[in-house]
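**Q** Can you keep this structure in mind? I'll have questions shortly.
There are 4 protein chains.
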Amino acid sequence: MPRPKKTEREQILSETRHSLLRAAIEEFARFGYGGAKVDRISQTAGFAKGTIYNYFPSKRDLMLAVIEHISTLHMEYVAEQVRQEEDPTCRLERFFEAGFGFVSDHLPQSQVMVNNLYGPDPQFREAMYRAYLPMFALVGSEIIAEGVQQGIFRQVDPQSTAALLMTIYLGTASQVSDEGKPWQRANQVADFVLNGLRR
Amino acid sequence: MPRPKKTEREQILSETRHSLLRAAIEEFARFGYGGAKVDRISQTAGFAKGTIYNYFPSKRDLMLAVIEHISTLHMEYVAEQVRQEEDPTCRLERFFEAGFGFVSDHLPQSQVMVNNLYGPDPQFREAMYRAYLPMFALVGSEIIAEGVQQGIFRQVDPQSTAALLMTIYLGTASQVSDEGKPWQRANQVADFVLNGLRR
Amino acid sequence: MPRPKKTEREQILSETRHSLLRAAIEEFARFGYGGAKVDRISQTAGFAKGTIYNYFPSKRDLMLAVIEHISTLHMEYVAEQVRQEEDPTCRLERFFEAGFGFVSDHLPQSQVMVNNLYGPDPQFREAMYRAYLPMFALVGSEIIAEGVQQGIFRQVDPQSTAALLMTIYLGTASQVSDEGKPWQRANQVADFVLNGLRR
Amino acid sequence: MPRPKKTEREQILSETRHSLLRAAIEEFARFGYGGAKVDRISQTAGFAKGTIYNYFPSKRDLMLAVIEHISTLHMEYVAEQVRQEEDPTCRLERFFEAGFGFVSDHLPQSQVMVNNLYGPDPQFREAMYRAYLPMFALVGSEIIAEGVQQGIFRQVDPQSTAALLMTIYLGTASQVSDEGKPWQRANQVADFVLNGLRR
DNA sequence: TATGAATGAGAGTTCATTCAT
DNA sequence: AATGAATGAACTCTCATTCAT
């Protein structure tokens with residue numbers, strides 16, 4: 009029965025990696041990529057300076073791993089809620105609700121996400137776009153295209169409208185006060201958008 | 009008659025300052041605040057390393073001056089065009105046109121603006137907000153409140169709607185491809201927004 | 009009857025030690041002492057990082073063990089061949105042949121040997137000298153002193169001439185091209201030296 | 009008269025570079041490339057940590073500059089003395105004298121030279137060979153080929169014999185005791201070599 | 001005012017070594 | 001005996017800033 013042992017070790021490994029990722033997200037959120045210190049991340053996670061390099065080959069790779077991590081989490085969070093509805097209108101409302109919910113539940117994650125999306129580093133932006141393709145697809149095909157087909161929405165191009173919606177969502181959701189409260193409310197934005205979409 | 013001399017000197021000083029600001033904008037746009045090098049800015053402007061410190065006390069202050077500079081430019085650019093119209097609807101269309109025009113005409117400036125607005129540095133974000141208050145006011149009182157009063161727009165709160173519009177504008181306008189073309193078109197966005205606003 | 013078991017265990021231990029030594033020689037030869045990585049040595053030998061510390065207390069001690077190992081091998085190789093001859097002239101020829109043969113048969117070993125001999129580390133140089141005393145003695149008493157006594161060689165001081173010969177041997181033999189071919193040939197060097205020694 | 013000023017500045021620059029090179033040679037001689045610390049070199053030269061990077065882009069480049077520096081010095085030292093003689097025999101004697109003299113006058117330089125020549129780093133070895141081509145040429149054409157042509161030396165190949173002589177010189181000269189005294193004496197080695205070369 | 005050599009705090013990264021399993 | 005995650009001292013190199021010229 010050597011399996012349990014291996015699993016146990018993998019468990020620890022995975023937990024360490026997770027702590028490091030969590031600490032990294034916090035650090036990147038507070039200080040941005042340039043201001044983040046690798047040492048502090050490791051120490052925040054409860055490890056020594058060098059430990060982080062057993063898991064991520066460099067600071068950049070760490071950020072890329074963080075992007076991957078966040079996008080997966082974000083997509084799961086949003087998709088799960090959106091798909092509970094059938095009606096495109098409700099789905100869109102849910103999309104904004106879930107999105108705003110994600111932001112207030114995962115403030116540092118959102119901060120990092122937005123920093124990278126609107127930040128100056130092309131590699132990170134690129135990584136963000138790739139990581140968010142699934143959510144783009146969700147909005148484009150499972151909400152907009154669906155609504156157009158059912159005659160609920162105007163005849164708009166699903167692709168570019170999805171981009172517009174994502175932009176609105178990200179732009180509004182990311183504008184939070186220092187205490188983390190968004191300046192807009194989800195239903196307010198959803199209403200506004202629905203008004204623009206409906207026939 | 010010492011005045012003219014002083015003015016002339018101020019002129020020269022001002023020109024040097026301007027070259028430095030221009031170079032700084034380019035540098036910040038390409039590399040972000042953290043990646044920007046003070047040396048390179050000075051050299052790009054045609055001066056030696058140290059010269060920049062005769063005009064700006066530190067890298068941070070340089071960025072703050074850049075923010076001030078850009079926002080003034082931006083506001084002038086937009087306000088001038090918006091005020092050529094009387095009708096709130098037209099003004100709103102003009103707002104998006106002018107805004108998108110500014111972005112494509114001043115790509116590095118826009119890049120820096122967006123980086124700071126969505127970036128991790130609270131001091132820079134704060135400076136951005138303060139610098140953009142006039143534009144907020146323009147949209148809030150000279151477009152939205154006006155439209156509401158004239159019965160063209162629904163009864164919305166001018167303040168928060170202005171914030172929403174600014175967000176949409178910034179979010180959409182800042183999403184440019186690598187060649188600097190925005191992903192959305194000004195009139196498309198304006199249409200969308202007008203649909204959401206009209207009674 | 010606990011003895012055989014212990015012998016067997018020693019056998020295994022010895023084999024592990026040997027693999028480690030072999031891997032260390034390769035590593036030191038390729039990267040020098042400073043550039044060598046303990047991890048890589050252990051892994052090349054087929055073990056995990058830490059294993060090497062069960063056999064050698066530190067990187068330095070590992071190098072000292074390597075020096076010991078190589079010098080013994082080297083001496084055996086050379087002495088065995090030299091002593092097959094009786095005549096000092098032939099012995100000297102054999103000495104260069106065997107020496108050059110050792111280098112081409114044991115390139116990494118030679119590399120390490122020369123690195124240490126001409127290298128900056130006093131402890132390693134010292135260890136090399138001690139380890140090569142037997143070979144010094146072989147050349148000095150069994151070749152040169154013998155030849156002088158038999159009247160074949162000029163009246164030279166065996167000690168310092170042995171040192172000169174060793175130097176010539178090491179210097180010439182260590183100059184190998186990237187493919188491991190020595191730039192000089194054994195008999196060429198031997199001829200040259202014999203010319204210098206003969207009455 | 010703006011020249012003197014520029015010259016003065018260049019003078020200072022050159023002096024700083026020289027101090028750094030001198031300190032680097034000392035450091036490399038004592039600790040080898042791997043053991044040398046860049047900070048210590050800068051400090052030994054009387055400057056702050058970072059100063060050295062205003063003159064050499066990296067530690068490796070510093071070593072390459074050192075090699076260049078030493079080889080030039082060495083060649084000048086030897087060539088000047090060798091060319092004072094006309095007769096190939098005397099030239100060869102002078103070559104060893106000058107060579108041994110250089111070693112005892114410039115112990116750290118010699119140490120660095122030999123470390124690199126027999127060391128594990130291919131780039132440094134390569135640089136050494138290239139840097140020593142002029143001395144190779146000096147020995148090959150101005151001593152050996154000359155002696156062969158005049159019928160003083162045996163019919164040997166100048167190229168490979170030059171290599172052999174260089175090897176003997178370097179090998180013997182580099183073997184110094186801890187106080188810096190060579191184990192062989194120049195004329196002893198020269199005699200030995202002349203015996204091997206003469207017809 | 002412009003210069004650029006000098007500074008030195010501080011960053012990312014490496015890697016020999018330890019030790020609980 | 002073998003493992004490999006964790007450690008942290010120590011290294012190279014960067015770059016904002018200073019200041020004498």
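Protein chains in written order, with our numbering: chain A, 9 to 207; chain B, 9 to 207; chain C, 9 to 207; chain D, 9 to 207.
All C-beta atoms, glycine included, are put in the ideal place defined by N, C-alpha and C.
Which residue marks the beginning of the alpha helix (DSSP H) containing D:G216, and which one marks its end?
**A** Residue 216 of chain D cannot be examined here, being either before or after the span of chain D that is shown, 9 to 207.
**Q** Please report how far the alpha carbon of D:Q119 lies from the alpha carbon of D:G127, in whole angstroms.
**A** As a position in the fourth sequence, residue 119 of chain D is number 111, starting the count at 1. As a position in the fourth sequence, residue 127 of chain D is number 119, starting the count at 1. About 11 Å.
**Q** Let me make sure I understand the geometry here. Which of A:P130, A:D95 and A:F144 has the alpha-carbon closest to that of B:A37?
**A** Along the second sequence, read from residue 1 onward, the residue named residue 37 of chain B stands at position 29. Measuring from the Cα of B:A37, the nearest candidate turns out to be A:P130.
**Q** Among all the DSSP beta bridges, which residues are the ones paired with B:P190?
**A** Within the second sequence, numbered from 1, the residue matching residue 190 of chain B stands at position 182. Beta-bridge pairing links B:P190 to B:V184.
**Q** Got a sec, what are the start and stop residues for the alpha helix (DSSP H) B:K67 sits in?
**A** Numbered from 1 along the second sequence, position 59 holds the residue referred to as residue 67 of chain B. Residues K67 to V90.
**Q** For A:G204 versus B:G204, is the C-beta spacing smaller than 7 Å?
**A** Within the first sequence, residue 204 of chain A is the residue found at index 196, counting from 1. Within the second sequence, residue 204 of chain B is the residue found at index 196, counting from 1. The answer is yes: Cβ separation under 7 Å.
**Q** Examine the Cβ distances between the region 154-170 of chain C and the region 149-167 of chain D and report whether three or more of them are shorter than 8 Å.
**A** They do not touch, by the three-pair rule.
**Q** Taking beta-carbon pairs under 8 Å, can you tell me which members of the region 160-183 of chain B lie near chain A?
**A** Cβ contacts with chain A: S168, A171, L172, T175, I176, L178, G179, T180, S182 and Q183.
**Q** Flag C:N203 as yes if its beta-carbon sits less than 7 Å from any beta-carbon of chain D, otherwise no.
**A** Within the third sequence, residue 203 of chain C is the residue found at index 195, counting from 1. Taking Cβ atoms only, chain D reaches closer than 7 Å to C:N203, which makes this a yes.
**Q** Is C:Y61 near C:R25, with beta carbons less than 7 Å apart?
**A** Residue 61 of chain C sits at position 53 when you count from the first residue of the third sequence. Residue 25 of chain C sits at position 17 when you count from the first residue of the third sequence. For C:Y61 and C:R25, no; Cβs fall outside 7 Å.
**Q** Given that B:R38 touches chain A, what residues does it touch there, using C-beta distances under 9 Å?
**A** Within the second sequence, numbered from 1, the residue matching residue 38 of chain B stands at position 30. Those are P128, listed as they occur along chain A.
**Q** Could you check how far apart the C-beta atoms of A:Q183 and A:P190 are, in whole angstroms? I think they sit under 8 Å.
**A** Mapped onto the first sequence, residue 183 of chain A falls at position 175. Mapped onto the first sequence, residue 190 of chain A falls at position 182. That pair is a contact at about 7 Å.
**Q** Which same chain residues end up closer than 7 Å to C:V46 when comparing Cβ atoms and leaving out the 5 residues on each side of it in sequence?
**A** The sequence position of residue 46 of chain C within the third sequence is 38, counting from 1. The answer, listed in chain order, is I60 and K67.
**Q** Where does A:K13 fall in DSSP's three states?
**A** Within the first sequence, the letter at position 5 stands for residue 13 of chain A. Unreliable placement is indicated for A:K13, whose pLDDT of 48 sits below 50; the coordinate value is still reported in the next sentence. In the structure shown, A:K13 sits in a helix (DSSP, three-state: H, G or I).
**Q** Taking only three categories from DSSP, how would you classify D:F55?
**A** For the purposes of this step, residue 55 of chain D is identified with residue 47 of the fourth sequence, where counting begins at 1. Coil at D:F55, not helix or strand.
**Q** Go to D:V147, then tell me how far its alpha helix (DSSP H) extends in each direction, as first and last residue.
**A** Looking up residue 147 of chain D in the fourth sequence gives position 139. Here D:V147 belongs to no alpha helix (DSSP H), and DSSP marks it neither H nor E.
**Q** Got a sec? Which residues, its chain only, sit under 6 Å from D:P12 by beta carbon, not counting five neighbours each side?
**A** Mapped onto the fourth sequence, residue 12 of chain D falls at position 4. Because the pLDDT at D:P12 is just 43, under 50, the model does not fix this residue reliably, and the point stays unresolved.
**Q** So A:M83 packs on A:M136, CB below 8 Å; how close in whole Å?
**A** Residue numbering aside, residue 83 of chain A sits at position 75 when the first sequence is read from its first letter. Residue numbering aside, residue 136 of chain A sits at position 128 when the first sequence is read from its first letter. The Cβ separation is near 12 Å, so there is no contact.
**Q** Have a look at D:P116, D:P65, D:A31 and D:S79 and flag the residue whose alpha-carbon is nearest the alpha-carbon of D:I49.
**A** Residue mapping note: residue 49 of chain D aligns to position 41 of the fourth sequence, counting from 1. Nearest C-alpha to D:I49: D:A31.
**Q** What residues from the region 137-160 of chain A come within 7 Å of chain B, judged by C-beta to C-beta, listed N to C?
**A** The region 137-160 of chain A vs chain B, Cβ under 7 Å: nothing.
**Q** Let me see if you follow: with CB-CB separation under 7 Å, is A:N123 close to chain B or not?
**A** Here residue 123 of chain A corresponds to residue number 115 of the first sequence, with the count starting at 1. So, interface residue.
**Q** Give every residue of the same chain whose Cβ lies closer than 7 Å to the Cβ of B:Q167, excluding the five residues on either side of it in the sequence, and list them in chain order.
**A** Mapped onto the second sequence, residue 167 of chain B falls at position 159. G148, listed in sequence order.
**Q** At a CB distance below 8 Å, what residues from the region 96-120 of chain D approach chain C? Give them in sequence order.
**A** For the region 96-120 of chain D, which is checked against every Cβ of chain C, the residues closer than 8 Å are Q119.
**Q** Less than 6 Å between C-beta atoms, sequence neighbours within five positions excluded: which residues of the same chain meet that for A:A44?
**A** Start at 1 with the first residue of the first sequence, and residue 44 of chain A comes out as number 36. The residues are E35 and F36.
**Q** Relative to the C-alpha of D:L29, which residue among D:R206, D:A56, D:V74 and D:G40 is closest?
**A** Taking the fourth sequence and counting its residues from 1, the one referred to as residue 29 of chain D is at position 21. Out of D:R206, D:A56, D:V74 and D:G40, D:V74 has the C-alpha closest to the C-alpha of D:L29.
**Q** Please report the residue range of the alpha helix (DSSP H) in which A:F104 lies.
**A** The sequence position of residue 104 of chain A within the first sequence is 96, counting from 1. P96 to D113 is the extent of the alpha helix (DSSP H) around A:F104.
**Q** Go ahead and label C:R102 buried or exposed: buried means 16 or more other beta carbons lie within 10 angstroms of its beta carbon, across all protein chains shown.
**A** The residue given as residue 102 of chain C occupies position 94 in the third sequence. Buried, because 16 or more other Cβ atoms sit within 10 Å of the Cβ of C:R102.
**Q** By the 10 Å Cβ neighbour count, where 16 or more other Cβ atoms means buried, how is D:T80 classified, buried or exposed?
**A** The count along the fourth sequence starts at 1 and reaches residue 80 of chain D at position 72. Burial call: exposed.
**Q** Which of the three DSSP states, helix, strand or coil, is assigned to D:F64?
**A** For the purposes of this step, residue 64 of chain D is taken as residue 56 along the fourth sequence, with counting starting at 1. Reduced to three states, the DSSP call for D:F64 is coil.
**Q** In chain A, which residues lie less than 7 Å from B:Q131 when you measure between Cβ atoms?
**A** Taking the second sequence and counting its residues from 1, the one referred to as residue 131 of chain B is at position 123. Here the premise fails: no neighbours, minimum Cβ distance about 12 Å.
**Q** Please check the pair B:L178 and A:T180, which I expect to be a contact at CB under 8 Å, by giving their CB distance rounded to whole angstroms.
**A** The residue you call residue 178 of chain B lines up with position 170 of the second sequence. The residue you call residue 180 of chain A lines up with position 172 of the first sequence. Going by Cβ atoms, the distance from B:L178 to A:T180 rounds to 11 Å, so no, they are not a contact pair.
**Q** Using a Cβ-Cβ distance under 7 Å, would D:F64 count as near chain C?
**A** If you number the fourth sequence from 1, residue 64 of chain D lands on position 56. Not closer than 7 Å to any Cβ of chain C, the Cβ of D:F64 fails to qualify, so no.
**Q** In the DSSP assignment, find the alpha helix (DSSP H) that holds B:E154 and state where it starts and stops.
**A** Your numbering for residue 154 of chain B matches position 146 in the second sequence. E154 to Q157 is the extent of the alpha helix (DSSP H) around B:E154.
**Q** Quick one: what's got a C-beta closer than 6 Å to C:L70's C-beta in the same chain, skipping five residues either side?
**A** By one-based count along the third sequence, residue 70 of chain C stands at place 62. Excluding positions up to five away in sequence, the list reads A32 and F64.
**Q** State the Cα-Cα distance for the pair D:Y85 and D:N124, rounded to the nearest angstrom.
**A** One-based indexing of the fourth sequence puts residue 85 of chain D at position 77. One-based indexing of the fourth sequence puts residue 124 of chain D at position 116. Roughly 20 Å between the two C-alpha positions.
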